[in-house]
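Novice:
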Amino acid sequence: MSDLRNSGLRVTDLRVEYTGGQLALGRVNLTIPEHGIYTIIGPSGCGKSTLLRAIAGLIKTYQGEILFNEKSVHSQETLIGLVPQSYGLLPWKTVQSNILMAMRISHPDRTLRQAQEQQIQYWLESMGISDLVDRYPMSLSGGQQQRVAIARAFAILPTMMLLDEPFSALDAFTRETIQQIFLDNWLTHPTTTLFVTHDVEEAILLGEKIIVMPSNQEESLEVVDNPIFHMKHEDKRNSDEFFQQTKRIRKVMHKKW
Ligand code: ADP
1113 MSDLRNSGLR
1123 VTDLRVEYTG
1133 GQLALGRVNL
1143 TIPEHGIYTI
1153 IGPSGCGKST
1163 LLRAIAGLIK
1173 TYQGEILFNE
1183 KSVHSQETLI
1193 GLVPQSYGLL
1203 PWKTVQSNIL
1213 MAMRISHPDR
1223 TLRQAQEQQI
1233 QYWLESMGIS
1243 DLVDRYPMSL
1253 SGGQQQRVAI
1263 ARAFAILPTM
1273 MLLDEPFSAL
1283 DAFTRETIQQ
1293 IFLDNWLTHP
1303 TTTLFVTHDV
1313 EEAILLGEKI
1323 IVMPSNQEES
1333 LEVVDNPIFH
1343 MKHEDKRNSD
1353 EFFQQTKRIR
1363 KVMHKKW
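Residues are numbered in our numbering as their position in the sequence shown, beginning at 1, plus a constant of 1112.
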């Protein structure tokens, strides 16, 4: 399948230093085919957020190249939906206004408010939170805010979606529910996706491939195939293959961390 897809995201020799010479990312080389979904795991401080921020254009100074379908990822043609760790919702705007504003900024040419409101309704329903449309972020639980942030990322119909540990604050049960909802939405709208998590099981449940980042920024990352991805979501967790894959990934982690 991957042979038929466009090159998608291509990161070549990416190196990021923060001011003062602090090395945040060594040489990162990575390709995600268009419409692929890859998960990233790595120890704290290895540069996962920095990688997402560089791809999203929030870090302007880096060495190397970041392309999407062979053009700079920061060209106008690439629209990125970012779900940051802190959700990034504006507290003084309602759920609907938060999403509407993101849609207006990303598609200034489309001004039909009614159509946009219908779209917002669709995405909120898909995330199971349509009743929250008029609420303000501060009145929502962490899990509800995460769902809003994800609905907003989908609603702008991005070329690429970047998620930074979006389910980290959730209890195990809610997390399982949202993982399934997220994956169902992605299957209906398979935007090229990079999903950071610190949870091995989540990486296996959601990633077509799993990227294991090294603790030493000078070392290369490892990309692991994940046949589990193609199983029915509800069968994954209790399968022998899942258990074997967990062992395989832990082995790579021990080598790299
Ligand atoms: P991760 O997301 O994997 O936990 P980060 O990308 O947040 O890692 O950080 C990578 C490295 O860069 C760490 O050593 C961290 O201390 C450093 N770092 C992150 N943000 C900054 C910053 N704004 N200024 C200086 N150093 C930073």
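Glycine included, each C-beta is placed from N, C-alpha and C at the ideal position.
From a predicted model like this one, the values you see are computed outputs, not experimental measurements.
Indicate the three-state DSSP secondary structure (helix, strand or coil) for R1360 in the structure shown.
Specialist: It is helical.
Novice: Distance check for L1212 and K1363, CA to CA, integer angstroms please.
Specialist: Those two C-alpha atoms are separated by around 44 Å.
Novice: Taking three-plus beta-carbon pairs below 8 Å as touching, is the segment 1155 to 1169 in contact with the segment 1222 to 1242?
Specialist: Verdict: no, contact absent.
Novice: By the DSSP assignment, the beta strand (DSSP E) with T1143 in it spans what residues?
Specialist: Counting along the chain, the beta strand (DSSP E) containing T1143 begins and ends at 1134 to 1144.
Novice: Taking 7 Å as the limit between beta carbons, can you name the residues of its chain near D1337, skipping five residues before and five after?
Specialist: Excluding sequence neighbours, D1337 sits near K1321.
Novice: Along the chain, which unbroken stretches of the beta strand (DSSP E) at least 3 residues long are found entirely within the segment 1243 to 1267?
Specialist: Counting only runs of 3 or more, we get nothing.
Novice: Counting C-beta neighbours from all protein chains within 10 Å, is the total for M1113 16 or more, i.e. buried, or is it exposed?
Specialist: Reliability of the predicted coordinates at M1113 is poor, the pLDDT of 48 falling under 50, and no value is obtained from them.
Novice: Beta-carbon separation of Y1150 and I1323 under 9 Å?
Specialist: Yes, the pair counts as a contact, with Cβ atoms nearer than the cut-off.
Novice: Quick one: grab the DSSP three-state call for L1269.
Specialist: Here L1269 sits in coil by DSSP.
Novice: Using 8 Å for Cβ pairs, my map puts L1252 next to V1260. What's the rounded Cβ distance?
Specialist: Going by Cβ atoms, the distance from L1252 to V1260 rounds to 7 Å, so yes, they are a contact pair.
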